[in-house]
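Participant: In the numbering used here, the protein residues as written are 160 to 573.
Below: one structure in structure tokens.
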Ligand code: ATP
Ligand code: MG
């Protein structure tokens, strides 16, 4: 893509009311537009980052047998009344609305109830199970505080997968599989080393649920990390009984602040009972379906990655989620050569954002740093005279001079 075709512009300042570093940087780079507190639009560059995060999650959900769907944002109150979660005292983040005839609707805060009802049309016998539908969808939650930028939206993206199993054993086996898939997601996003599978409260059907918590000074959660065992315990279940259960000594733990980026939850028959989702087993007996739910926040992850991988000059995207791999800068009278290099790189499948603007070099370099694209390539008359290009990784900032073929070899997919 050419910068001259991009309608967004970078800016020196973020809106005065934006206090979160992730949103300040993303707004300044033209990645997102702030509609209001906790509500952000994704602009062309931001949409590319979000899509890359989503694609990594999608591949891992497909690898455990997920079936991708897209449910509705408008939800009928009836299903929520059946589960007991329509009441604002039970669920305090509702956005509610109604049809012209007065029928009450909610804007999807999550999808356990509607999907349990929907699956009644497809699950009848043991032969129909197990199944794992999932989706990427905008959720609406009237969060009281929304000062963390993309990390706590009132409208945000969620991946939610729901498991429907015949027996507890079948459920438990899937729970372990998706737990490994979650670890792969955070590894691929470059967050593996600072993300811990965390024991949290389990509800009525399991002693624990598990959160995936990423260490961050701006996190809202407190966890106790066991580095050697690569796990953590959430403050809410941090007590002597749980420590004894897990065979952990207090002295081995360090207290940290963290952000919940995902969670996996055993639901048992919490929703299949009130919504009558049953199946007929091999012996002709009717049984409730055993469920689980598994969330990840793609927009929270985007905010967290922006917050974590940054310096005083701007963003530093990990390659896996960067909107482009190369930021190509042309300086001076090199239009034909720069165009040819752009064509050559893109024809090799390398994603290039080509700064073809008629701008001062300093402004182009500053934008390259703010936008945080992994590799900057500079072409100029002086460099062309030596048959060289300048190659500068954003992470180190250290430039080397390369020939065109050396550059191509460096950028060939690892
Ligand atoms: P939190 O305790 O941070 O409010 P939650 O327990 O309400 O999170 P879930 O309902 O389990 O979160 O949602 C699944 C995932 O969706 C979370 O792990 C998180 O990544 C993401 N998420 C939840 N709330 C938000 C939000 N307001 N903005 C952005 N992402 C969110
Ligand atoms: Mg919440």
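A virtual CB, placed ideally from N, CA and C, is assigned to each residue, including glycine.
Predicted model only: the values in this text are computed from it and were never measured.
For residue 325, does the count of other Cβ atoms within 10 angstroms reach 16, so buried, or fall short, so exposed?
Facilitator: Classification for residue 325: buried.
Participant: Which one of 199, 398, 413 and 375 has the shortest CA to CA distance from residue 389?
Facilitator: Of 199, 398, 413 and 375, the residue nearest in Cα terms is 413.
Participant: Who are the near neighbours of residue 223 in its chain, counting only those whose CB is closer than 6 Å to its CB and skipping five residues on each side?
Facilitator: Contacts found: 336, 337 and 340.
Participant: Residue 551 bridges to which residues according to DSSP?
Facilitator: Looking at the DSSP assignment, residue 551 forms a beta bridge with 535.
Participant: Between the alpha carbons of residue 328 and residue 425, how many angstroms are there, rounded?
Facilitator: Each residue's Cα considered, the two are about 12 Å apart.
Participant: Nearest-angstrom Cα distance between residue 161 and residue 344?
Facilitator: Straight-line Cα distance between these residues: approximately 31 Å.
Participant: Is residue 555 near ligand 3, going by C-beta to nearest heavy atom under 7 Å?
Facilitator: In the structure shown, ligand 3 is absent; the only ligands present are ligand 1 and ligand 2.
Participant: Taking residue 427 as the reference, which of 416, 446, 442 and 420 has the closest Cα?
Facilitator: Comparing Cα-Cα distances from residue 427 to each of 416, 446, 442 and 420, the minimum goes to 446.
Participant: If you scan the stretch 246–318 from start to end, which runs of the alpha helix (DSSP H) of 4 or more residues do you find wholly inside it?
Facilitator: List check, alpha helix (DSSP H) in window: 271–278.
Participant: Could you name the residues of the same chain whose beta carbon sits closer than 7 Å to that of residue 235, not counting the 5 residues immediately before and after it, in chain order?
Facilitator: So the qualifying residues of the chain are 264.
Participant: Strictly by DSSP, which residues pair up with residue 390?
Facilitator: Residue 390 is bridged to 356 and 385.
Participant: Cutting at 6 Å between CB atoms, please list the residues of its own chain near residue 551, excluding the five before and the five after it.
Facilitator: Here the set comprises 535 and 558.
Participant: How about residue 367 and residue 358: do their beta carbons lie closer than 8 Å?
Facilitator: Going by C-beta atoms, residue 367 is nearer than 8 Å to residue 358.
Participant: Looking at the structure shown, is residue 453 part of a helix, part of a strand, or coil, going by DSSP?
Facilitator: Looking at residue 453 - three-state DSSP - the assignment turns out to be strand.
Participant: With C-beta atoms as the reference, is residue 504 less than 8 Å away from residue 511?
Facilitator: Yes, these two residues count as a Cβ contact at 8 Å.
Participant: Who are the Cβ neighbours of residue 554 in its own chain at under 6 Å, not counting the five residues just before and after it?
Facilitator: Only 475 meet the Cβ criterion.
Participant: Looking only at its own chain, which residues have a Cβ that is under 8 Å from the Cβ of residue 523, when we skip the five neighbours before and after it?
Facilitator: Here the set comprises 488, 490, 514 and 516.
Participant: Does the distance from the C-beta atom of residue 509 to that of residue 484 stay below 8 Å?
Facilitator: Yes, they are a contact pair.
Participant: Pull the bridge partners of residue 421 from the DSSP assignment, please.
Facilitator: Paired residues: 371 and 455.
Participant: Are there 16 or more other CB atoms within 10 angstroms of the CB of residue 295, so buried, or fewer, so exposed?
Facilitator: So residue 295 counts as buried.
Participant: Can you tell which of 410, 266 and 376 has the C-alpha that lies nearest to the C-alpha of residue 466?
Facilitator: Considering only alpha carbons, the answer is 376.
Participant: So what does DSSP say about residue 175, is it helix, strand or coil?
Facilitator: In the structure shown, residue 175 sits in coil (DSSP, three-state: anything other than H, G, I, E or B).
Participant: Just to confirm the assignment, what range does the alpha helix (DSSP H) spanning residue 505 have?
Facilitator: Run containing residue 505: 494–506, per the alpha helix (DSSP H) assignment.
Participant: Touching or not, the stretch 294–309 and the stretch 266–279, by the rule of three or more beta carbon pairs under 8 Å?
Facilitator: Enough Cβ pairs lie closer than 8 Å, so yes.
Participant: Would you say residue 272 and residue 311 are within 8 Å of each other, going by their C-beta atoms?
Facilitator: Result no, Cβ atoms of residue 272 and residue 311 do not sit closer than 8 Å.
Participant: Taking only the alpha-carbon atoms, compute the straight-line gap between residue 237 and residue 293 and give it to the nearest angstrom.
Facilitator: Taking the straight line joining both Cα atoms gives about 22 Å.
Participant: Quick check: what's the CA-CA separation for residue 431 versus residue 219?
Facilitator: In a straight line, the C-alpha of residue 431 is about 26 Å away from that of residue 219.
Participant: What's the call for residue 480, buried or exposed, on a 16-neighbour Cβ count within 10 Å?
Facilitator: Buried.
Participant: Can you tell me which of the three DSSP states residue 193 falls into?
Facilitator: In this structure, residue 193 counts as strand in the three-state DSSP scheme.
Participant: Just confirm the distance between the C-beta atoms of residue 520 and residue 208, as a whole number of angstroms; I'd bet it's less than 8 Å.
Facilitator: No, residue 520 and residue 208 are not in contact; Cβ-Cβ is about 26 Å, not under 8 Å.
Participant: Would DSSP call residue 218 helix, strand or coil?
Facilitator: Here residue 218 sits in helix by DSSP.
Participant: Which partner residues does residue 408 have in the DSSP bridge list?
Facilitator: Paired residue(s): none; residue 408 is not in a bridge.
Participant: Starting from the Cα of residue 443, find the closest Cα among 249, 283, 278 and 454 and give me that residue.
Facilitator: It is 283.
Participant: Whose C-beta lies closer than 7 Å to the C-beta of residue 198 among residues of the same chain, with five residues either side of it excluded?
Facilitator: Here the set comprises 312, 313 and 314.
Participant: Please name the residue, chosen from 423, 280 and 382, that lies closest to residue 330 on a Cα-to-Cα basis.
Facilitator: Comparing Cα positions, the closest option is 423.
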